[in-house]
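Enquirer:
Chains as they are written, first to last, in the working numbering: chain A, 9 to 193; chain B, 13 to 176.
Written as C-alpha cells, this is what we have:
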C-alpha cells in the first residue's frame, strides 16, 4: 500500500517539476519547488524515515521562504524571451542518457525493503541497529549514529555551515559597513 | 509599509510561541523520538522568519540583534567542539560519548539518557538556528548592496529606503 502512495507522490512531484520548469511566473515556480519538497518529505514518511521527513519539510519550507523573499525583492516575477534551441536539445539528450542509465541501475538493485547488507551479519548497519541502544543509550538509532558513531561527520557538517555563514555575513556586512560610514560622513 | 495585515499579525503572534516550543521539543527529545539538532534549529529559525515576514524586520532586529545572533552562532559551534574535546579529556578519544554509563545513571527512554548526545543536540540546535537566522537576515537586510554595488550603493540605497 505504501508503494501505491509513493507512485502517486512521484507522479505529483514530476508534474510539479514540469510546471516549475515551464511556467513564466517565477513566484509560481518557487511554490512548485516547495510542492516538490513537500512530496519528498511525505515520501520519506511512507518509507518510514521520520527523521529525514522532518528535516526535509522544515528545510524545504524555510528554503521556500528564502527563495520567495529573494524573488519578490528583485521584482523578477516574469521571464521574457525564448529558450535557446541548442541548450534545450543538449539537456533533453543528457536527461535521456541519465534515464536509461538509471533504469539499468535500478534493475540490478535488490528488492524494495530488502537491503543487501541485511543478509550479511556484522556489517555496520546491522551493528548500529542491534547495538545502538546498548552502546549509546539513545533510543533513536538515527541520533545514535550521527552523534555517536559518526560524530566526526556531524562536526564536519557543522563546520561547513559555520564557515558558509561566516563568509556570507562577512562579505555582506563589509559593504554595509562602508555604506554606514558613508552615510555618517 | 510595516509587515502584513492584521489577520496575519494576530495569528502569527499566537503561533510563534508554539513554533518556538516545538523547536525546543524537537531538540530536547532528539535522542528519543525523530528529530534532532538540525531540524529543531531550523524550526527555531523559522519562528523568527515568521515574525520577520509578518511584522517587518525592525521588530526582529530589536528582538534578536545581529551581534547577539552571531555570538549565539559562535557559542553553538564552540560548545559542539568542546563536547568533542571533553570526550578526549575524560574518555581518551576525541568525541567519545564520555557521559554515558559513567557519570550519569541512565535508563532507556528517559529524558536524561544517551550521555553526551542531548548536549550535542542542544549545541547543534543553537548553532543551526542562529546560522539560518543570520542567512535570512543577511538576505533581507543587506540586499540593497547587491543592486549596483561599489560607490553608487549609498545613493541607490537612500532611494530604496525612501520608497519603502
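For glycine and all other residues, C-beta sits at the position ideal for the given N, C-alpha and C.
#1: Hey, residue 88 of chain B and residue 138 of chain B: beta-carbon distance below 8 Å or not?
#2: Roughly how many whole angstroms lie between the Cα atoms of residue 26 of chain B and residue 141 of chain B?
#3: Please state the DSSP three-state secondary structure of residue 122 of chain B.
#4: Would you please verify whether the beta carbon of residue 161 of chain A is less than 8 Å from any beta carbon of chain B?
#5: Indicate whether at least one CB of chain B lies closer than 8 Å to the CB of residue 145 of chain A.
#6: Taking Cβ-Cβ distances shorter than 8 Å, what residues in chain B pair up with residue 73 of chain A?
#7: Give a yes or no on whether the C-beta atoms belonging to residue 43 of chain B and residue 130 of chain B are separated by under 8 Å.
#8: For residue 154 of chain A, write down the residues that DSSP places opposite it in a beta bridge.
#9: Could you name each continuous alpha helix (DSSP H) segment of 4 residues or more that falls completely within the stretch 114 to 183 of chain A, going from the start of the chain to the end?
#10: Thinking just about the alpha-carbon of each residue, which of A/113, A/155, A/177 is nearest to the one in residue 106 of chain B?
#11: Who are the neighbours of residue 129 of chain B on chain A, taking C-beta pairs under 8 Å?
#12: Counting pairs of beta carbons, one from the stretch 72 to 85 of chain B and one from the stretch 157 to 168 of chain A, are three or more of them closer than 8 Å?
#13: Residue 150 of chain A: buried (16+ other C-beta within 10 angstroms of its C-beta) or exposed?
#14: Interface residues of chain A around residue 84 of chain B at Cβ under 7 Å?
#15: Using the Cα positions of residue 48 of chain A and residue 25 of chain A, report the straight-line distance between them to the nearest angstrom.
#16: In its own chain, which residues sit with a C-beta less than 6 Å from the C-beta of residue 145 of chain B, not counting the 5 before and 5 after it?
#17: Are residue 49 of chain B and residue 143 of chain B closer than 8 Å when you measure CB to CB?
#18: Determine, for residue 136 of chain B, whether the minimum Cβ-Cβ distance to residues of chain A falls below 8 Å.
#19: Nearest to residue 63 of chain B by alpha carbon, out of B/23, B/111, B/125, B/126?
#20: Among residues of its own chain, excluding the 5 on either side of residue 158 of chain B, which ones have a beta-carbon nearer than 7 Å to its beta-carbon?
#21: Is there a Cβ from chain B that is less than 8 Å from the Cβ of residue 29 of chain A?
#22: Which complete beta strand (DSSP E) runs does the stretch 32 to 72 of chain A hold, if anything under 3 residues is left out?
#23: With a cut-off of 8 Å, does the C-beta of residue 52 of chain A fall near any C-beta of chain B?
#24: Does residue 160 of chain A pass the burial test, meaning 16 or more other C-beta atoms within 10 Å, or should it be called exposed?
#25: Going by CA-CA distance only, name the one from A/146, A/103, A/124, A/45 that's closest to residue 68 of chain A.
Expert: This is what the structure holds:
#1: yes
#2: 20 Å
#3: coil
#4: no
#5: yes
#6: 58, 61, 65, 148
#7: yes
#8: The partner list for residue 154 of chain A (beta bridge, DSSP) is empty, contrary to what the question assumes.
#9: 132 to 144, 149 to 152
#10: A/155
#11: 144, 145, 146, 151, 152, 155, 156
#12: no
#13: buried
#14: Neighbours of residue 84 of chain B on chain A: none; closest Cβ ~12 Å, over 7 Å.
#15: 12 Å
#16: 57, 60, 81
#17: no
#18: yes
#19: B/23
#20: Since pLDDT at residue 158 of chain B reaches only 47, below the 50 mark, its modelled position is unreliable, and the value read off the structure follows with that caveat. So the list is empty, once near-sequence residues are dropped.
#21: no
#22: none
#23: no
#24: exposed
#25: A/45
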